[in-house]
Amino acid sequence: MQNVSFEYSDEEYGWVSEEIELTGNIVLLVSLKEKGVVVVTKRNADETATPKVCITKVITETEINFSGECNGMYLRVLTSTEPESIKVVNV
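To convert a position in the sequence shown, counted from 1, into the numbering used here, add 183.
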């Protein structure tokens with residue numbers, strides 16, 4: 184299990200994680216201190232355009248599965264409230 188770092192971004196008006204490279208099947212675990220919105224964006228390694236939104240939810244905890252077909256892609260998690268933790272689990 185890997186902890187993902189995050190920080191507040193004035194530009195995004197929320198909390199933003201570091202980029203997470205997909206290298207096989209993973210489960211993304213996001214836990215928020217208060218109920219809020221989670222947005223996961225994904226992009227290809229060579230993509231320079233704006234990332235595509237993968238998922239949005241109003242939650243306090245969520246588990247998101249990504250399969251190996253996403254190899255070579257990068258994820259970034261944005262949240263409206265401060266995360267308790269963001270973790271990546273290889274499965």
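Just so you know, even glycine gets a beta-carbon here, dropped at the ideal spot from N, CA and C. Values in this document were obtained by computation on a predicted structure and should not be read as measured data.
Beta-carbon gap between residue i and residue j smaller than 7 Å
{"i": "residue 228", "j": "residue 197", "result": "no"}
{"i": "residue 268", "j": "residue 244", "result": "no"}
{"i": "residue 274", "j": "residue 185", "result": "no"}
{"i": "residue 240", "j": "residue 223", "result": "no"}
{"i": "residue 264", "j": "residue 190", "result": "no"}
Selection from the options that minimises the alpha carbon distance to residue i
{"i": "residue 194", "options": "261, 266, 274", "result": "261"}
{"i": "residue 209", "options": "247, 186, 267", "result": "247"}
{"i": "residue 225", "options": "217, 213, 202, 265", "result": "202"}
{"i": "residue 257", "options": "188, 205, 199, 186", "result": "205"}
Opening and closing residue of the beta strand (DSSP E) in which residue i lies
{"i": "residue 219", "result": "209 to 227"}
{"i": "residue 262", "result": "256 to 262"}
{"i": "residue 267", "result": "266 to 273"}
Which of helix, strand or coil DSSP assigns to residue i
{"i": "residue 197", "result": "strand"}
{"i": "residue 243", "result": "strand"}
{"i": "residue 187", "result": "coil"}
{"i": "residue 202", "result": "coil"}
Buried versus exposed call for residue i [16 or more other C-beta atoms within 10 Å across all chains shown]
{"i": "residue 192", "result": "exposed"}
{"i": "residue 188", "result": "exposed"}
{"i": "residue 250", "result": "exposed"}
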